[in-house]
Every structure is written in structure tokens, then in C-alpha cells.
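Protein chains in written order, with my numbering: chain X, 1 to 498; chain W, 1001 to 1310. In what follows, a structure is listed as C-alpha cells, so that the remarks can point back to it.
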Amino acid sequence: MTVSRAPSGHHGAVARRKFRKTNTDRCVADLVAAIGADRVRADGASRLLASTDASIFVGGHAGPVCFPESTAQVQACVRVAAAHRRPVVARGAGSGLTGGAAPLGSAVVVSTTRMNQILEVDVDNRVAWVEPGVINLDLSNHLEDLGLHFAPDPSSQQVCTIGGNVANNSGGPHCLAYGVTSAHVLAIEVVLSDGEVVMLGGLDAEPGGYDLRGAFVGSEGMLGIATRVAVRLTRNPRSIRTLLLSFGDVESAAETVGAVIASGLVPAAIEMMDKRCVAAVEDFVHAGYPRDAEAVLLVEVDGLPGGVELQAQRVEEIANRFGADVRVASDPEERALWWKGRKSAFGAIARIKPDYYLHDTVVPRSKLVEVLRSIYEIIDRHGLLVLNVFHAGDGNLHPIIAYDSREPGVSEKVREAGREIIEVSLAAGGVLSGEHGIGVEKRDFMPLMFSDSDLDHQARLRAAFDELCVMNPGKVLPSPHSCSDIASLNDAGEDLWG
Amino acid sequence: MGLIRSPESNPALVEFASEVGRSGPVVVQGGATHWSVGGDVDPSARVIGAPVGIVEIRADEMTVEVGAGTLVSDLHTALRPTGQRTALPEVEGSTVGGAIAVGRSGIERLGRGQTRDAVLQIHYVSADGDLVTAGGPTVKNVSGFDVVRLFVGSLGTLGCMADVILRTQPIPDMEVWSHLDNTPPEQVFDRCATASSILWNGESVWILTAGYVPDVEADLDALRQLGPLTPDQPPELPPNRWSRRPAESLTTTKTDFGSFVVEVGVGLVHTDRPVAPVSVSAEVAALRRRMKAAFDPTGRLNPGRSAGEV
Chain X
1 MTVSRAPSGH
11 HGAVARRKFR
21 KTNTDRCVAD
31 LVAAIGADRV
41 RADGASRLLA
51 STDASIFVGG
61 HAGPVCFPES
71 TAQVQACVRV
81 AAAHRRPVVA
91 RGAGSGLTGG
101 AAPLGSAVVV
111 STTRMNQILE
121 VDVDNRVAWV
131 EPGVINLDLS
141 NHLEDLGLHF
151 APDPSSQQVC
161 TIGGNVANNS
171 GGPHCLAYGV
181 TSAHVLAIEV
191 VLSDGEVVML
201 GGLDAEPGGY
211 DLRGAFVGSE
221 GMLGIATRVA
231 VRLTRNPRSI
241 RTLLLSFGDV
251 ESAAETVGAV
261 IASGLVPAAI
271 EMMDKRCVAA
281 VEDFVHAGYP
291 RDAEAVLLVE
301 VDGLPGGVEL
311 QAQRVEEIAN
321 RFGADVRVAS
331 DPEERALWWK
341 GRKSAFGAIA
351 RIKPDYYLHD
361 TVVPRSKLVE
371 VLRSIYEIID
381 RHGLLVLNVF
391 HAGDGNLHPI
401 IAYDSREPGV
411 SEKVREAGRE
421 IIEVSLAAGG
431 VLSGEHGIGV
441 EKRDFMPLMF
451 SDSDLDHQAR
461 LRAAFDELCV
471 MNPGKVLPSP
481 HSCSDIASLN
491 DAGEDLWG
Chain W
1001 MGLIRSPESN
1011 PALVEFASEV
1021 GRSGPVVVQG
1031 GATHWSVGGD
1041 VDPSARVIGA
1051 PVGIVEIRAD
1061 EMTVEVGAGT
1071 LVSDLHTALR
1081 PTGQRTALPE
1091 VEGSTVGGAI
1101 AVGRSGIERL
1111 GRGQTRDAVL
1121 QIHYVSADGD
1131 LVTAGGPTVK
1141 NVSGFDVVRL
1151 FVGSLGTLGC
1161 MADVILRTQP
1171 IPDMEVWSHL
1181 DNTPPEQVFD
1191 RCATASSILW
1201 NGESVWILTA
1211 GYVPDVEADL
1221 DALRQLGPLT
1231 PDQPPELPPN
1241 RWSRRPAESL
1251 TTTKTDFGSF
1261 VVEVGVGLVH
1271 TDRPVAPVSV
1281 SAEVAALRRR
1291 MKAAFDPTGR
1301 LNPGRSAGEV
């Protein structure tokens, strides 16, 4: 998706300062002097790799890429960047889906991949201190013998980092019952844009003052760089039951979701896949989903044995009312296979078409049927292909438009259909993003959801952390509310590639 | 043009915005149940009240929209027929807006969760007198910066809350308060997975078990293995709150701290001794001041009161 810039406006809350460009070689030399030659890369391939994420946004331009190994080295990178009037972009695994980690303005990229240590696991206080580059699934695997885990479980959890989870306030199937990342982060050590280090939040019961930790989580790298994170550890459930419900039509599946929630049940997860998605997944990983169903729901209930039994019964009764065929995972292997299918959906789609464009809107659960119907109508009208795989339990849609960008005119149709899907979702009382964030791709849709005053106040929050908007500029807030001077570096041209 | 319903379409919010006005010191008073938290408000401030009443109960979404001036008890009474409630603590006379502004969680935090995780959307009136929306109406939302969480615990110093959308939760099938004498609280915490609250005063343990009936009964059986278990109501809480880490809070002694009640697994110590203010780094203090200045440049909102930014 191309980045369009809205006309500049007022909004004096964000201080403006013209950034001068200085010689890239000198910036690299200063970074090398600050953190060592083996921790700085300035070659074209390294910059290219750091210029994109897992979205379709292609407008990123990385400057030098740094691989610090300590908080002090992150501070040094930020200070060198400031001296050279360069923005700074933190980068985890680059698995984000909105262009959030794609640097604008030839930024100094601070990769956290070498800050990947689990520093401390404190079982008594149910907390672990980790560096931002720790991979989500590695943390939960590390904790398995202790009977604990880190609750947020994005589908990318095999590669995505805790730092990235903090930046995006990531979710995952099981956040229906357990909550998204913000509920699981107790404290964050942050390097601010001036190189100062602050500790936000705390491990005690009731840290005082403004909830700056809460403000930082989900801020998409625009308030500072997290260098250590204290995450809350959750007890593993004693009992789990996983049900696979198959339906003859999508509406019945969506109505089942609404009925389950309305009945007062809060399952650990309710995931939905439509027929096309099931077919793609079956071709890819042979998860055992029924190919003849128009839609399937993967429902998981967990907790203590008695409650799990009751919840599973209630889900089954409701599903039967809507004509579902119900299967219960017979053993942990079958459960793992069903989940593998769900979490491999994006990979499966890559076998159908080379490109996909993904939205992440949330709608009221009572509007799922209506909005899904509209999405199919929009896609058919544009002659496109959509696969639906999403967190139905909290109304978090993920319509995936699969396409081939080499076909003339198709990219424009994809963007137009995407906009219509967003408009339908918001008109139904929904929101722009449930867990992927805004980044660049959804940035210019923000005025559909927020007024000028709302966006101005978000810009104020940001300016309190980063007055000059040096950290990951050009994201989340549309231009009149953001630092357009820095974003203009995006147009700087080839010379900045050194 | 936005597709979300504008707060200006609600006359009660527009009227509240005009009460807040665009200049002069102003403070929104709720139930004044925690009026001393954060210091005394400057007497020059105009005292106003937030809109009262439930806007909409969306039981099938597990959300509720409510005026900030509504009593938490009235909200929970209205929700009861739906089998739902919120995580907001039920303090007699306290309002929804007050509970969010103070930001504290109730003693049932192990089971009900925290106040900071219960708020989905806030309509507030800014220091400029504008109606502003933070967050969104759905149970899951990461669109933009999290102004909502910034407001929880901000003591009304960043904006005047008008109405909010809260997440609701099912009322458990069974809830029982029980009491055990001379039992190590760690053992209760380890054995009792349905505990919604565990309170310990250095001698006795009070436990609120909550959940599905077979699970609660199984836990009550497990607790009986630790000693004679009797039904009881929770103890009176001493007035001061001392925020500690969960394991640290279990080292609290009467010799050093007088009469106390610990929220086990949470770390909060209710004590009758004065609690020393927590020191913060100069950098965090500066960040708090910048946040206050960004939202309230002239210092007109709740003057005299501080969420630690001074």
C-alpha cells in the first residue's frame, strides 16, 4: 500500500524541528565507535532486510542497522542517531503485519535480536524479566516445567519477540479469556529518544502515578525502545478441552459464537475458519478439518476439571442447536494438530496466491453474521478471493484477500475492497485493529475512527515521551497529527542509502 | 469523516462539556470515598458532577456503557439480571468515574482482575473543553495509543471523564468466603485455584472461592485438609495501602507493621501504620510532568491533586 500524505494542518502539541541530514558514513562510523564494528551493518542487503516487515508495505528505507547487546548500547545507538538527526526504529522479528517496523526516513534501525536472554524467572512473584528479543514461544517453552506460561500467543509466536508483542499489544487466540499483552506486562525498562533510561510500571501490587507502562504497551515503537520487560506468568490450566464444530453455513457458525458469549461462557479461545481457509490449511498441514463444512469453529475451554466439563457441555448444546457436527480432541496430539492448522493458515494461503492483504478489524459479536455477509459481498463485487480465519470469540476479523500483484489493476481493487471492509466494520460499531496495530498500512484510516481532537490527544501522549518524534516517525497518526518534518525524510532519495 | 458515533450526539455529554467549560480550575467529584488520595484539591476549583445513568447494557457483547457519575453499586445492581458484573471495586458510595480515576482494584483481584483492564472506552472533556474519545467500544482494540490506560489512576488530572464503556464478566456460579486459622497463606495460594481473594492478617486466612460448583467444592475439600474451615465474611481492612511484591508481602509482621491484612498473591498490604511515599527517578518524574503539561497545559483540572507528577 502506498503512503499518502494528507495536507498539513495545525496541532501545535507536537514540537516541530527541521532535521538536517548528515553524511551516512559518519553516522555509521560513530555507531561503530559507540558499540563496535561487529554490531553495526550498513551494507545494502542488511538494510534491505530491515526495510520491510511481514506486511505488503514496501516504502521502508533502513539506514544503518545496529545489533546492540545491552541497554547501554541501545542508549549509545539512540544518542548517535540524535547527533546525526536520524530517526530511530526498533525492530524485533519483523513479523508485524502493518508496516510498523518498516523504517521511514533512512532511520537508524535498532535490532533486538541479540538481546534475547531470559534474565530471571521469579516463581514466587509469578514474573519473568526478559530482554526484548526473546521469542514468545521460547519463553513459554522455557517455563513449561514450572507449570507456567506467558499468556499472549499470537499465531506468529514461533518467531515474534516479546519486544514486538509489547510494541503491538499483541493478542492471539487465547487472549479471549486471558487478555492481550498489556494485561501481562508489569514493568518495562525503556530508552527514551534523548537516551535517558526510565523504568515504567513496577513489580509491586499497585505502582503509583500515571500508568506509563500502560501507555507504552501498544505504542508501536513510537515512545521509546524497551530494553527489559517484566512479564506476568500465568499458571497452566489443569484441564483443557478442545472442540471442533463443523457447520453447513457460515451464518450458523457466527450465530453459535454470539450464543456462546451471550450465555455467559468465556472459553479460552473461539476461532473460526471458512471453507476456503479450511481447504488451504488441509492442503498444507492435513490438520484433520472437515473439507465439506462451510465453516468450522475451534473452541477451547480450560481451567479446572469440573468447570471444563460443564463449559464443554454447554458449548456442545449450543452448537447442536445451530446444527453443528461436534468433535472433541481425543488426545493432546489431536489438539496440537488442530491448533497447528489454525496457526498455519497464513502460510497455507501463500500456496494459493503470492500476495495477501490482511485486515484486523473488530466488530461486536452480535454483528458477526451481518459483517461477514458484507465482506463476501464486497469481495465478490471486486472479483477477488477472500479467506476468513479469525478470533471469532472477541469479534476480531482477519479477512485475508489473496491475490497476485502482477495482475494489472488487482492491487487497486484489493485496496478498495480493504477500505470497504474497514468502513463496514466501523459502521457496525467496530474498531480498526484488534491486535496487529496501525503502523503505516492503517494509519490513514485513523480519521474514520477518531476525530481531530481524539488524534490530537494521542499525539500529546506521544509528545510527552518523545517531543521531537524521533522514535519510529510516520506511523499510527495521520500526518497532521504527527511529525511530518521527519516523515518527509522518506522522500530523501538514494543518497541516504550510502 | 468518522464512522463512529460522535459523543456530541449525546446531550448529557454536551451539557457536561459546557459545565467543564474552557477555563478556570475545575474538579469532578464522584462519591468522594477516596477524596484524600493525591492530596487536597485547591478550594478555588469549581466542583461539578459527571453524568449519571446507564446508557446501554450490551449483555451479549459483555460490555456496558455508563455515565461516570453512576454509583458502582447501581451499575452492578442493573447488571445482575444479566448474570454479569464488572471488575470495578464495590466501595459503598463510590462512582464509576471515581473508581477509574483512583484506579485501585478490589480485594477480589485474583478472580475479577484489575480495574486497569476493565475499561474499553472513555469519553472525556479535555482541558480545552472538547469532548474526546479514547479507546473503542469493542472488547479487543489496539487502534492508536492507549489513552484509556493512561487515564486509569490519573485522579482526574488529565481530563474530566464523562462516560465509559466497561468490559463485563460473568458472575461465578458459586462464591463462598471461608476462614482458616493458623495456616500458611502460601499453602492456600498453591492449593486453591478458584481463589478470587486470599486475605491474611498474620494469623488467619480468609478465602473467597469462586467458580463452577464442582471446582469450588473440590477446593473447599482441599482447604479442609489444612485445618478447620468455617464460613466467614472478610475482615475489616486497615486504612492505609502499602504496595509490595507478592512474595515480599508475606514477610509482613505485626511487630514491624502493626495491624495488617495482606492480599495474598497480589502483594498489597492494608496497614494501620502510615506508608512512606514511593520515590521515583528524576526521569520518570519529568515524564509524568510532561504528560500532565501535554493534557492540561494550564493546570486547571483537579488543581492541587497529584498522580505523582509533582
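Even for Gly, the Cβ is constructed at its ideal location relative to N, Cα and C.
Check whether residue i and residue j have beta carbons under 9 angstroms apart
{"i": "residue 1103(W)", "j": "residue 1112(W)", "result": "no"}
{"i": "residue 258(X)", "j": "residue 1138(W)", "result": "no"}
{"i": "residue 214(X)", "j": "residue 192(X)", "result": "no"}
{"i": "residue 93(X)", "j": "residue 113(X)", "result": "yes"}
{"i": "residue 1120(W)", "j": "residue 1136(W)", "result": "yes"}
{"i": "residue 91(X)", "j": "residue 121(X)", "result": "no"}
{"i": "residue 470(X)", "j": "residue 88(X)", "result": "yes"}
{"i": "residue 1006(W)", "j": "residue 451(X)", "result": "yes"}
{"i": "residue 222(X)", "j": "residue 475(X)", "result": "yes"}
{"i": "residue 324(X)", "j": "residue 281(X)", "result": "no"}
{"i": "residue 516(X)", "j": "residue 375(X)", "result": "Coverage of chain X is limited to positions 1 through 498, which leaves residue 516(X) absent and any answer about it impossible."}
{"i": "residue 290(X)", "j": "residue 330(X)", "result": "no"}
{"i": "residue 1166(W)", "j": "residue 1134(W)", "result": "no"}
Under 9 angstroms from the C-beta of residue i: neighbouring residues of chain W
{"i": "residue 465(X)", "result": "1287, 1290 and 1291"}
{"i": "residue 225(X)", "result": "The contacting residues do not exist; residue 225(X) stays about 15 angstroms from chain W at best."}
{"i": "residue 446(X)", "result": "1143 and 1144"}
{"i": "residue 270(X)", "result": "By Cβ distance, chain W contributes nothing, its closest Cβ being about 12 angstroms from residue 270(X), past 9 angstroms."}
{"i": "residue 143(X)", "result": "Those do not exist, as residue 143(X) stays about 17 angstroms from chain W at its closest Cβ, beyond 9 angstroms."}
Residue i - containing beta strand (DSSP E), residue span
{"i": "residue 91(X)", "result": "88–91"}
{"i": "residue 1162(W)", "result": "1160–1167"}
{"i": "residue 1230(W)", "result": "1229–1231"}
{"i": "residue 66(X)", "result": "62–66"}
{"i": "residue 332(X)", "result": "Taken as a continuous stretch (DSSP letters only), residue 332(X) belongs to no beta strand (DSSP E), being part of the alpha helix (DSSP H) at 332–343."}
{"i": "residue 111(X)", "result": "107–111"}
{"i": "residue 425(X)", "result": "Per DSSP, residue 425(X) belongs to no beta strand (DSSP E); it is in the alpha helix (DSSP H), 410–427."}
{"i": "residue 1198(W)", "result": "1195–1200"}
{"i": "residue 554(X)", "result": "Any question about residue 554(X) goes unanswered here, given that chain X covers just 1 to 498."}
{"i": "residue 952(W)", "result": "The requested residue 952(W) does not occur in the structure, where chain W is confined to residues 1001 to 1310."}
{"i": "residue 1121(W)", "result": "1119–1125"}
{"i": "residue 272(X)", "result": "269–274"}
Terminal residues of the alpha helix (DSSP H) in which residue i lies
{"i": "residue 1224(W)", "result": "1213–1224"}
{"i": "residue 178(X)", "result": "175–178"}
{"i": "residue 256(X)", "result": "250–262"}
{"i": "residue 327(X)", "result": "That residue, residue 327(X), is in no alpha helix (DSSP H); its beta strand (DSSP E) goes 325–328."}
{"i": "residue 142(X)", "result": "136–143"}
Residue burial classification, residue i (beta-carbon count within 10 angstroms, cutoff 16)
{"i": "residue 139(X)", "result": "buried"}
{"i": "residue 1084(W)", "result": "buried"}
{"i": "residue 234(X)", "result": "buried"}
{"i": "residue 38(X)", "result": "exposed"}
{"i": "residue 366(X)", "result": "buried"}
{"i": "residue 119(X)", "result": "exposed"}
{"i": "residue 1225(W)", "result": "exposed"}
Residue i: contacting residues in chain X (beta-carbon distance under 8 angstroms)
{"i": "residue 1083(W)", "result": "264"}
{"i": "residue 1126(W)", "result": "453 and 457"}
{"i": "residue 1308(W)", "result": "208, 209 and 210"}
{"i": "residue 1194(W)", "result": "304"}
{"i": "residue 1215(W)", "result": "303, 304, 305, 306 and 307"}
Chain X contact residues for residue i, given Cβ-Cβ distances below 9 angstroms
{"i": "residue 1295(W)", "result": "457, 460, 461 and 464"}
{"i": "residue 1062(W)", "result": "261, 262, 264, 266 and 365"}
{"i": "residue 1263(W)", "result": "205"}
Under 7 angstroms by beta carbon: chain X residues contacting residue i
{"i": "residue 1221(W)", "result": "Going along chain X, no residue has its Cβ under 7 angstroms from residue 1221(W), so there is no contact; the nearest lies around 12 angstroms."}
{"i": "residue 1147(W)", "result": "457, 458 and 461"}
heavy atom of the ligand FAD below 8 angstroms from residue i C-beta
{"i": "residue 252(X)", "result": "Absence of the ligand FAD is noted for the structure shown, with no ligands found whatsoever."}
Neighbour list for residue i in chain W, Cβ cutoff strictly below 8 angstroms
{"i": "residue 196(X)", "result": "1283"}
{"i": "residue 95(X)", "result": "Simply none; closest approach about 16 angstroms."}
Would you call the segment 1020–1031 of chain W and the segment 1284–1301 of chain W in contact, with 3 or more CB pairs under 8 angstroms? Yes, they touch.
Are there three or more Cβ pairs, one per stretch, closer than 8 angstroms when the segment 1123–1135 of chain W is compared with the segment 1055–1064 of chain W? no
Pairs of beta-carbons, one from the segment 329–341 of chain X and one from the segment 1234–1249 of chain W, closer than 8 angstroms: are there three or more? The count of Cβ pairs closer than 8 angstroms, one atom from the segment 329–341 of chain X and one from the segment 1234–1249 of chain W, stays below three, leaving the stretches out of contact.
Three or more beta-carbon pairs under 8 angstroms between the segment 307–318 of chain X and the segment 265–272 of chain X, yes or no? Judged by Cβ distances under 8 angstroms, the segment 307–318 of chain X makes contact with the segment 265–272 of chain X, as three or more pairs qualify.
Please determine if the segment 1176–1190 of chain W and the segment 1229–1236 of chain W are in contact, where contact requires at least 3 C-beta pairs separated by less than 8 angstroms. The segment 1176–1190 of chain W makes contact with the segment 1229–1236 of chain W: 3 or more CB pairs, one atom from each, lie closer than 8 angstroms.
Counting Cβ pairs, one atom from each stretch, are 3 or more of them under 8 angstroms apart for the segment 1203–1211 of chain W and the segment 163–183 of chain X? no
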